[in-house]
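Read through the structure below, which is laid out as structure tokens, and then see the notes.
Numbering (the numbering used here), first residue to last: 79 to 286.
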């Protein structure tokens with residue numbers, strides 16, 4: 079019995095997911111440039127010819143992986159934007175970011191490394207810029223949230239929030255078994271995820 083178009087799409091997606099997972103594992107382990115298409119095919123348990131049915135080469139593979147990563151950021155932005163209460167929006171961002179790092183610390187380290195490529199690296203710098211652009215979008219969303227919270231300088235507050243959150247994410251990714259993740263998450267939320275009236279009272283008391 080011939081496969082349905084839906085079944086073909088499902089098989090194709092599973093195969094591509096398997097290839098991407100193999101590529102990510104090797105990129106993390108031995109680096110992008112040291113990884114060959116042969117390595118990826120072997121890691122995925124498929125022939126090189128079958129891999130070429132899905133991807134022209136490892137750069138196309140990386141491009142799809144980066145697009146998938148930016149979609150994760152976009153999803154968080156959209157989900158946060160759909161929440162009405164600004165403090166809950168920030169809670170959603172913190173939860174999503176830290177939970178993602180906790181589940182995939184190696185992947186976070188890989189994309190962080192990719193973001194810091196030298197400008198002279200013409201092959202990888204374009205993917206670095208894509209990731210940086212999505213992070214910039216997230217920053218602007220955070221600025222709007224802090225503005226709704228009524229803080230005195232929302233851009234400065236957003237920068238401080240990003241610094242604390244990104245620093246915590248780096249520590250968790252680097253020392254995944256040594257960081258008290260629940261406590262760190264709780265501290266970040268206590269510092270930043272406050273209702274407007276609470277923030278207003280605090281800023282008012284500082285002026286006095």
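Built from N, CA and C at the ideal position, the CB exists for glycine as well.
Three-state secondary structure assigned by DSSP to residue 127
helix
Do you know whose CA, among 172, 204, 264 and 168, lies nearest residue 142's CA?
204
Starting from residue 363, trace the alpha helix (DSSP H) both ways and give me its first and last residue.
There is simply no residue 363 to check, as the chain begins at 79 and stops at 286 in what is shown.
Could you tell me the boundaries of the alpha helix (DSSP H) in which residue 160 lies?
No alpha helix (DSSP H) contains residue 160, which DSSP labels as neither H nor E.
Alpha carbon to alpha carbon, what distance is there between residue 112 and residue 212?
27 Å
For residue 82, which three-state DSSP category applies?
coil
Express the C-alpha separation of residue 263 and residue 126 in angstroms, rounding to a whole number.
44 Å
What does the Cβ neighbour count give for residue 235, buried or exposed, with the cut at 16 atoms within 10 Å?
buried
Counting C-beta neighbours from all protein chains within 10 Å, is the total for residue 159 16 or more, i.e. buried, or is it exposed?
When all chains shown are included, residue 159 counts as exposed.
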